[in-house]
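*Asks:* Submitted below is the structure of interest, expressed as structure tokens.
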Amino acid sequence: MGLNMVVGVLVDAEDDYTEMVRADFAAIGGLLERAGLRRWAEPDPAGAESAEFEMWGYSGLHTVRRLAVHLAARGRLPEPLGEGSRAVDDPLLSEVYETLPGDPPGPFDHLVHHSDCEGYYVPVDFAHVIVDDKAPGGHLGSSVRLLAETQRLAEALGLPEDLDPHSAEVFEAADAEEPATEGWRRYGVESYVCLQLLQAAKVSVATGAAIAFA
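Residue numbers (the working numbering): 4 to 217.
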């Protein structure tokens, strides 16, 4: 599927990659300190396990962001994408992507205002996405806020949080040629990705480890 999010990125990492990630985490520590936020350090990877969460490729993550920006702006979910349509071509999503996070922050800033292929979410609670050239990927998000935002989106979808994203019913909805007529199954791919984001954020918050793109 092309794009994963990983919690426990240092577990089983090769030496060169470990050095790069530790440098990223050092930069993140500096950003948190300058923002007046609590200190954070990635847990010792010795004896720990990593967890990977598939995003249904790059397009899958953007489909979830499309739902979020419509829900924030209009108070309702948009119609499902038509055949051959791409979430990144949605005018409202494109408009949001071209702007910086606002003040006060929007209801889905940590989900939407972040790179789709690099950077991190850390289990520290802060309202504003940190946008800084010193941040790996240019943006630093909070997995605490990502959890709250994906829970809000799951509620709008009518999507049970404890539903297994790898279950047959989720895959059938995601692979359906025509969307269902009601409920979360109308948004099969979006629901799959939302569940994966939920799980990644929950593991990050529970373990104290960052979410990284891989």
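Note that beta-carbon positions come from the ideal geometry of N, C-alpha and C, so glycine has one too.
As the structure is a prediction and not an experimental result, all values here were calculated from the model.
(1) Between the alpha carbons of residue 124 and residue 182, how many angstroms are there, rounded?
(2) Going along the chain, which residues of its own chain have a beta-carbon closer than 8 angstroms to the beta-carbon of residue 42, five neighbours each way excluded?
(3) Tell me which residue opens and which closes the alpha helix (DSSP H) that residue 2 is part of.
(4) Roughly how many whole angstroms lie between the Cα atoms of residue 28 and residue 122?
(5) Would you give the residue range spanned by the beta strand (DSSP E) that residue 142 belongs to?
(6) How long is the line joining the alpha carbons of residue 30 and residue 179, rounded to whole angstroms?
(7) Where residue 62 and residue 108 are concerned, what is the direct C-alpha to C-alpha distance, given to the nearest angstrom?
(8) If you follow the beta strand (DSSP E) that residue 124 is part of, which residue opens it and which one closes it?
(9) For residue 197, is the classification buried or exposed, using 16 other Cβ atoms within 10 angstroms of its Cβ as the cut-off for buried?
(10) Would you kindly check if the distance between the Cβ of residue 129 and the Cβ of residue 40 is under 8 angstroms?
*Replies:* Concretely, from the data shown:
(1) Residue 124 sits at position 121 when you count from the first residue of the sequence shown. Residue 182 sits at position 179 when you count from the first residue of the sequence shown. Rounded to whole angstroms, residue 124 to residue 182 spans 31 angstroms at the Cα level.
(2) Looking up residue 42 in the sequence shown gives position 39. So the list reads 32, 35 and 36, once near-sequence residues are dropped.
(3) In the structure as shown, the chain starts at 4 and stops at 217, and residue 2 therefore has no counterpart that could be examined.
(4) Here the question's residue 28 lines up with position 25 in the sequence shown. Here the question's residue 122 lines up with position 119 in the sequence shown. Between residue 28 and residue 122, the C-alpha separation is close to 10 angstroms.
(5) In the sequence shown, the residue the question calls residue 142 occupies position 139. Element bounds for residue 142: 142-145.
(6) By one-based count along the sequence shown, residue 30 stands at place 27. By one-based count along the sequence shown, residue 179 stands at place 176. If you take the alpha carbons of residue 30 and residue 179, they lie about 43 angstroms apart.
(7) Numbered from its first residue, the sequence shown carries residue 62 at position 59. Numbered from its first residue, the sequence shown carries residue 108 at position 105. Taking the straight line from one Cα to the other gives about 25 angstroms.
(8) Here the question's residue 124 lines up with position 121 in the sequence shown. 123-125 is the span of the beta strand (DSSP E), which, as asked, contains residue 124.
(9) What you label residue 197 is simply residue 194 of the sequence shown in a count that begins at 1. So residue 197 ends up on the buried side.
(10) Walking along the sequence shown from the start, residue 40 turns up at place 37. Walking along the sequence shown from the start, residue 129 turns up at place 126. In contact: residue 40 and residue 129 (Cβ atoms closer than 8 angstroms).
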